[in-house]
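Since the structure comes first, as structure tokens, the remarks are kept for the end.
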Amino acid sequence: KKQNPQVFITSPAGYDVYRDDVVPQFWADFTLPADKYERHDFRLTENDNSRHATIIITDVHLANQRNDVSIFSGPYTDVIRRNVESLNAQGIPVYTLNLGDASWDGYWYGHNYPIAKFRESLNNANYPTAVYSCMGNHDNDPKAQPGRDADFNASLPYQKALGPRYYSQNIGNVHYVFLDNIHYINDPAPAPTYTGINNKRNYKEDFTPEQLAWLRKDLANVSYDTPIIVAMHGPMFRWKKFDHKKNWSALNDEIMIRTDNESTRELLDILRPYKNVHSVSGHSHKQNLIRLPEEIQNFTEHNISGTCGAWWRTRATGLKNLCPDGTPVAYELFNIDGSNISWEHKTFEYDPARAFYAWDMNGVKDYFKNNEEMRAFLTMYPEWTDYSDLPDNYIYVNLWAWDQDGKLKITENGKELPVEMVKEENPLYTLSYMVRTTVWNNEWNNKGYHNPREFMLFRAKASTPDAPVEISWTDYFGNETKSTLERPAAFSPETL
158 KKQNPQVFIT SPAGYDVYRD DVVPQFWADF TLPADKYERH DFRLTENDNS
208 RHATIIITDV HLANQRNDVS IFSGPYTDVI RRNVESLNAQ GIPVYTLNLG
258 DASWDGYWYG HNYPIAKFRE SLNNANYPTA VYSCMGNHDN DPKAQPGRDA
308 DFNASLPYQK ALGPRYYSQN IGNVHYVFLD NIHYINDPAP APTYTGINNK
358 RNYKEDFTPE QLAWLRKDLA NVSYDTPIIV AMHGPMFRWK KFDHKKNWSA
408 LNDEIMIRTD NESTRELLDI LRPYKNVHSV SGHSHKQNLI RLPEEIQNFT
458 EHNISGTCGA WWRTRATGLK NLCPDGTPVA YELFNIDGSN ISWEHKTFEY
508 DPARAFYAWD MNGVKDYFKN NEEMRAFLTM YPEWTDYSDL PDNYIYVNLW
558 AWDQDGKLKI TENGKELPVE MVKEENPLYT LSYMVRTTVW NNEWNNKGYH
608 NPREFMLFRA KASTPDAPVE ISWTDYFGNE TKSTLERPAA FSPETL
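Under our numbering, think of the first position of the sequence shown as 158, with each following residue one higher.
In structure tokens, the structure reads:
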């Protein structure tokens, strides 16, 4: 039955799918009516990929504005290319997963950048690996008519450009599954929302019965010992203490289910027998890692930083490109050796050896107290933290890839300081994004796409204002990153 407009294959381990551009040709469009039989053949190339690496990018949000295409196609792709070349020199093949929102539906028509342009941009940049994609909410056609078939019809341009909405591939010992958990509704809007668009572009996040039925069949012959990596756009989980909405359901006392409760639990049930399951997602533009408790199942969710950061806006003002949690824009590198999976967080604009920012908050206090633009911002946005009121001698740290099983250590004069996790604003993001999109533009209704005090930071109180502070972060795999914060230190985005 031709339920979808394409047929696809699940490539076997030890083979690569033929490609003549950046997108592997693992699918073919149907060309005959639904009641007619047709044959499609696929070409495979033998390749020992039991050891391989997977680059994961998400939320590129190309819209032909703010120099986004040239930045992604130029310096960002060059960063990835150097990484790929280094891995290839070791005999390690590399693949890329794109987790959606490669385009920005609101600008498909006004800026002439529909989803097909993303594939074109990858090819023009000579992107160095094969790219497998899943669909984000902004990858839907915003002109699709509302109604029962809106989700399907809105996905057709994406499917034509980047492939099926759900599918699987075997690369080495890993079974990769790609799902579409964006259910596009696109209700009529009372007035045009973007150029040429008269719909709301709204959606809900769930896993359709059609996909879950397919997934049961897909996994029927996959051993429970096989590592599974499930790619999707919207993350399934959030920490309750940091990011809690009333309509979310509780998985346990600490973790909330942010996607549709019923279909998410059904997906977990399908995956429960497997011993090593990872999901990778985007959508939030923030870095977040959640391991489900072992008594629930062996499942780790990696929510990955947006490549565009805060929609390319901080880069457009001449500063570093930051995500809405204040971390630098980044991608994730999964290293797979047989059935062993490890991962690394890789930034686009900073030394890859770095793992955090650290601030002498005495310098931040002075900046918040004396900078005229910051004072103007805080006058209009009193709900945001005024760090000029902070007690003296605090050290704040923003970890770029926090893991609950890692260890942050802050030491002053050889004495380890108590460290606490706090939910406050990242001062660098306040300056780089909020001040520059309000004060600079005289646009005082800008809420910054999030609420204040939703940043996850770490802090310790030093005993002196001028002693150097040693900071170290040891990740889940035992890799340690060290840095010395010389004090006193002034606050400036150019120094970080």
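We put the CB at the ideal spot given by N, CA and C, even for glycine.
Predicted, not measured: the structure shown is a model, and the values here were computed from it.
With Ser-496 as the anchor, note down where its beta strand (DSSP E) starts and where it stops.
That residue, Ser-496, is in no beta strand (DSSP E); it is neither H nor E in DSSP.
Locate the alpha helix (DSSP H) running through Thr-234, then write down its first and last residues.
234–246
Looking at Pro-654: is its Cβ nearer than 8 Å to the Cβ of His-440?
The question about residue 654 has no answer, for the chain in this structure spans 158 to 653.
Output the distance between the C-alpha atoms of Val-217 and Phe-612, rounded to the nearest integer angstrom.
22 Å
Restricting to runs no shorter than 3 residues, where is the beta strand (DSSP E) found entirely within the region 511–588?
DSSP runs (the beta strand (DSSP E)) wholly in the region 511–588: 513–517, 551–556, 564–569, 577–581.
Distance check for Ser-640 and Trp-500, CA to CA, integer angstroms please.
Near 22 Å, if we compare the C-alpha coordinates of Ser-640 and Trp-500.
Determine the DSSP secondary structure at Pro-366, reduced to helix, strand or coil.
helix
What residue range is occupied by the uninterrupted beta strand (DSSP E) comprising Leu-201?
201–203
With 16 other CB atoms within 10 Å as the buried threshold, where does Asp-298 fall?
buried
Starting from Ser-168, follow the beta strand (DSSP E) in both directions and report where the run begins and ends.
Where Ser-168 is concerned, there is no enclosing beta strand (DSSP E), given that its DSSP letter is neither H nor E.
With 16 as the cutoff for other CB atoms within 10 Å, does Thr-621 come out buried or exposed?
exposed
Among residues of its own chain, excluding the 5 on either side of Phe-394, which ones have a beta-carbon nearer than 6 Å to its beta-carbon?
Ile-412, Ile-447, Glu-458
If I follow the unbroken alpha helix (DSSP H) through Asp-308, where does it start and stop?
307–319
Ordered along the chain, which non-local residues of its own chain (more than five positions away) have a Cβ less than 7 Å from that of Asn-455?
Lys-432, Asn-433, Val-434
So what's Val-437 in DSSP terms, helix, strand or just coil?
strand
Would you decide whether Ile-453 is buried or exposed? Buried here means 16 or more other CB atoms lie within 10 Å of its CB.
Label assigned to Ile-453: exposed.
For the 8 Å Cβ check, are there 3 or more pairs between the region 528–543 and the region 591–600?
Yes, since at least three Cβ pairs between the region 528–543 and the region 591–600 fall closer than 8 Å, the two stretches touch.
Nearest-angstrom Cα distance between Tyr-194 and Phe-309?
23 Å
Determine whether the beta carbon atoms of Asn-555 and Asn-583 lie at a separation below 8 Å.
yes
Would you mind reading off the limits of the beta strand (DSSP E) that contains Arg-616?
612–618
Three or more C-beta pairs closer than 8 Å, one from the region 328–340 and one from the region 350–366: is that the case here?
They touch, by the three-pair rule.
Going by the DSSP bridge assignment, what does Val-174 pair with across the sheet?
Leu-201
Please list the terminal residues of the continuous beta strand (DSSP E) segment that includes Arg-208.
Arg-208 -> beta strand (DSSP E) spans 208–214.
Would you grab the beta carbon distance between Thr-464 and Thr-215 for me? Rounded to a whole angstrom, and I think it's under 8 Å.
7 Å
Note down, in chain order, each residue of its chain lying with its Cβ closer than 6 Å to the Cβ of Ser-290, except the 5 sequence neighbours on either side.
Asn-255, Leu-319
Measuring alpha carbon to alpha carbon, tell me which residue in Ala-273, Asn-492, Trp-261 is nearest His-209.
Comparing C-alpha distances from His-209 to each of Ala-273, Asn-492, Trp-261 shows the shortest one belongs to Asn-492.
What are the residues that DSSP puts in a beta bridge with Asn-281?
Paired residues: none, contrary to the question.
What does His-145 pair with, by DSSP beta-bridge criteria?
With the chain covering only 158 through 653, there is no way to say anything about residue 145.
Quick one: any contact between the region 556–569 and the region 626–645, if contact means 3 or more CB pairs under 8 Å?
yes
Does the separation of the CB atoms of Gln-316 and Gln-163 fall below 8 Å?
Contact annotation: Gln-316 and Gln-163 have beta-carbon atoms nearer than 8 Å.
What residues are listed by DSSP as bridge partners for Gln-413?
Gln is not the amino acid found at residue 413; the sequence shown has Met there. According to DSSP, which records beta bridges pairwise, Met-413 is partnered with Arg-395, Ala-407.
What's the call for Lys-580, buried or exposed, on a 16-neighbour Cβ count within 10 Å?
exposed
Using the DSSP secondary-structure output, state which residues sit across from Trp-630 in a beta bridge.
Leu-565, Thr-638
Under 6 Å Cβ to Cβ from Arg-429, same chain only, skipping five residues before and after it: list those, please.
Gln-454
Leu-313 to Gly-520, Cα distance in whole Å?
52 Å
At what residues does the alpha helix (DSSP H) containing Ser-260 begin and finish?
Note, Ser-260: premise wrong, no alpha helix (DSSP H); not H, not E.
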